[in-house]
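Below: one structure, written as structure tokens.
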Amino acid sequence: MIDIPQDFVLASASTPFPATERALKEPNGLIAIGGELSTQRLLEAYSQGIFPWYSEQDPILWYSPNPRMVMTSDRLHVSKSLQKTLNSDKFQIKVDTDFEQIIHHCKTVERKDQTGTWIDQAMVDAYTDLYQQGFVRCVGVYQESRLVGGLYGVSLGKVFFGESMFSLVADSSKVAFVHLLKNMGYSLVDCQVESPHLKSLGAFNVERHAFIQSLQELL
Numbered sequence: 001m002i003d004i005p006q007d008f009v010l011a012s013a014s015t016p017f018p019a020t021e022r023a024l025k026e027p028n029g030l031i032a033i034g035g036e037l038s039t040q041r042l043l044e045a046y047s048q049g050i051f052p053w054y055s056e057q058d059p060i061l062w063y064s065p066n067p068r069m070v071m072t073s074d075r076l077h078v079s080k081s082l083q084k085t086l087n088s089d090k091f092q093i094k095v096d097t098d099f100e101q102i103i104h105h106c107k108t109v110e111r112k113d114q115t116g117t118w119i120d121q122a123m124v125d126a127y128t129d130l131y132q133q134g135f136v137r138c139v140g141v142y143q144e145s146r147l148v149g150g151l152y153g154v155s156l157g158k159v160f161f162g163e164s165m166f167s168l169v170a171d172s173s174k175v176a177f178v179h180l181l182k183n184m185g186y187s188l189v190d191c192q193v194e195s196p197h198l199k200s201l202g203a204f205n206v207e208r209h210a211f212i213q214s215l216q217e218l219l
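In full-length UniProt numbering, the protein residues as written are 1 to 219.
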């Protein structure tokens with residue numbers, strides 16, 4: 001049984017998030033419960049290094065994990081095989097196009113060692129609203145006009161908060177990620193939690209306090 005501090009419950013739209021240094025160690029980074037996925041609440045969360053992550057049967061759960069996986073363009077590692085793909089005309093890239101298709105694929109594509117999805121309809125609606133307001137951006141990768149890979153995330157200042165990516169063809173999500181790092185002008189990409197896929201591209205962990213400090217400088 002997890003002992004949740006009373007002030008972790010977002011009782012109303014005006015209830016502030018607790019200070020991130022109070023986030024639980026287990027589950028790693030849990031900082032708040034409940035509330036809503038309104039534009040105001042989401043922007044407040046991301047600006048403080050907090051993001052929603054929950055299953056459909058759960059209330060909205062908010063996290064600020066420690067450590068935090070991030071990425072910068074100077075740490076990008078491109079393998080020889082991926083570079084060969086990038087140099088070819090195998091894929092075409094479009095930015096801020098077909099967002100609804102991209103989030104749909106992120107929601108429905110099966111992933112190795114993972115059952116189900118954390119992207120429920122409420123999240124689809126919320127991030128679609130953010131996209132329409134210019135706070136979410138996406139990268140789509142196409143093969144013969146067919147969307148085969150991509151990613152989306154929240155864009156604030158010089159920081160891109162990655163939310164999800166998908167791949168229907170080998171290397172397509174990596175191509176999207178490389179484009180994001182090399183061509184879209186972000187100083188920092190938040191990858192949230194560690195994954196072998198992103199680590200292979202050069203993503204690395206930082207302490208939460210260092211991540212929050214970076215946000216204060218870049219937002």
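C-beta: ideal position from N, C-alpha, C; glycine also. Because the structure is a prediction, the values reported are computed rather than measured.
In the DSSP assignment, find the beta strand (DSSP E) that holds residue i and state where it starts and stops.
i	result
Asp190	Leu188 to Gln192
Ser81	Element bounds for Ser81: not the beta strand (DSSP E) but the alpha helix (DSSP H), Lys80 to Asn87.
Glu163	Val159 to Ser167
Tyr131	Not the beta strand (DSSP E): Tyr131 falls in the alpha helix (DSSP H), residues Gln121 to Gln132.
Arg146	Arg146 to Leu156
Tyr46	No beta strand (DSSP E) contains Tyr46, which is instead part of the alpha helix (DSSP H) from Thr39 to Ser47.
Gln92	Gln92 to Val95
Ile4	Run containing Ile4: none; DSSP gives neither H nor E here.
Ile31	Leu30 to Gly34
So, at 6 Å on beta carbons, what are the nonlocal neighbours of residue i in its own chain, with the 5 sequence-adjacent residues on each side left out?
i	result
Phe161	Tyr46, Gly153, Val154 and Asp190
Ser172	Val141, Val148 and Gly149
Glu56	Asp120
Ser14	none
Val9	Ile33 and Gly34
Thr128	none
Given a threshold of 16 other Cβ atoms within 10 Å of its Cβ, counted over all protein chains shown, does residue i qualify as buried or as exposed?
i	result
Thr108	exposed
Ser79	exposed
Ile60	buried
Ser164	buried
Ala203	buried
His209	exposed
Lys25	exposed
Gly116	Its pLDDT being 48, under 50, Gly116 is placed unreliably by the model, and the measurement read from it follows with that caveat. Gly116 is exposed by the Cβ-count criterion.
Ile102	buried
Lys182	exposed
Using a Cβ-Cβ cutoff of less than 7 Å, which residues in the same chain neighbour residue i once the five nearest sequence positions on both sides are dropped?
i	result
Leu37	Pro52, Ile60, Ala122, Met123 and Ala126
Val206	Pro67, Arg68 and Val70
Val193	Pro65 and Met69
Gln133	Thr39
Asp96	Arg137 and Cys138
Could you check where the alpha helix (DSSP H) with residue i kicks off and where it finishes?
i	result
Glu21	Run containing Glu21: none; DSSP gives neither H nor E here.
Tyr142	Element bounds for Tyr142: not the alpha helix (DSSP H) but the beta strand (DSSP E), Val136 to Gln143.
Ser214	Arg208 to Leu218
Lys182	Ser172 to Asn183
Ile50	Run containing Ile50: none; DSSP gives neither H nor E here.
Leu198	Pro196 to Lys199
Cutting at 8 Å between CB atoms, please list the residues of its own chain near residue i, excluding the five before and the five after it.
i	result
Gln48	Phe17, Thr20, Ser64, Ile212 and Leu215
Let me make sure I understand the geometry here. Which of the options has the alpha-carbon closest to that of residue i?
i	options	result
Met184	Ser73, Asp7 and Val169	Ser73
Ala23	Ile4, Lys158 and Thr39	Ile4
Tyr54	Trp118, Ile31 and Asn28	Trp118
Ser12	Ile2, Lys25 and Arg41	Arg41
Asn28	Ala170, Tyr131, Leu188 and Trp62	Trp62
Lys199	Leu76, Phe135, Ile103 and Tyr131	Leu76
residue 220	Lys25, Ala170, Gln133 and Gly134	Outside the modelled stretch of the chain, which goes from 1 to 219, sits residue 220, for which no answer is possible.
Leu98	Met71, Asp58, Ser145 and Pro67	The amino acid at residue 98 is misidentified as Leu; the sequence shows Asp. Cα-wise, what sits closest to Asp98 is Ser145.
residue 238	Glu194, Pro196 and Tyr186	What the structure shows of the chain is the stretch from 1 to 219, and residue 238 is not part of that stretch, so it cannot be assessed.
Phe166	His197, Asp96 and Leu188	His197
Leu30	Ser195, Val136 and Ile50	Ile50
residue 220	Ser195, Lys174 and Val159	Residue numbering for the chain in the displayed model covers 1 to 219; residue 220 lies beyond these limits and cannot be assessed.
His104	Leu168, Leu43 and Glu44	Leu168
Asp39	Glu110, Phe135, Lys25 and Cys106	The residue asked about is misnamed: residue 39 is Thr in this sequence, not Asp. Of the listed residues, the one whose Cα sits closest to Thr39 is Phe135.
Leu151	Glu44, Lys182, Cys106 and Gln6	Cys106
Leu156	Asp7, Leu43, Leu201 and Lys174	Leu43
I'd like to know if residue i contacts chain C, where contact means its C-beta is closer than 8 Å to some C-beta of that chain.
i	result
Tyr63	The displayed structure is made up of one protein chain only, and chain C is not part of it.
For the region 82-90 and the region 162-178, state whether three or more C-beta atom pairs, one from each stretch, are separated by less than 8 Å. yes
Give a yes or no on contact between the region 89-101 and the region 132-141, applying the rule of three or more CB pairs nearer than 8 Å. yes
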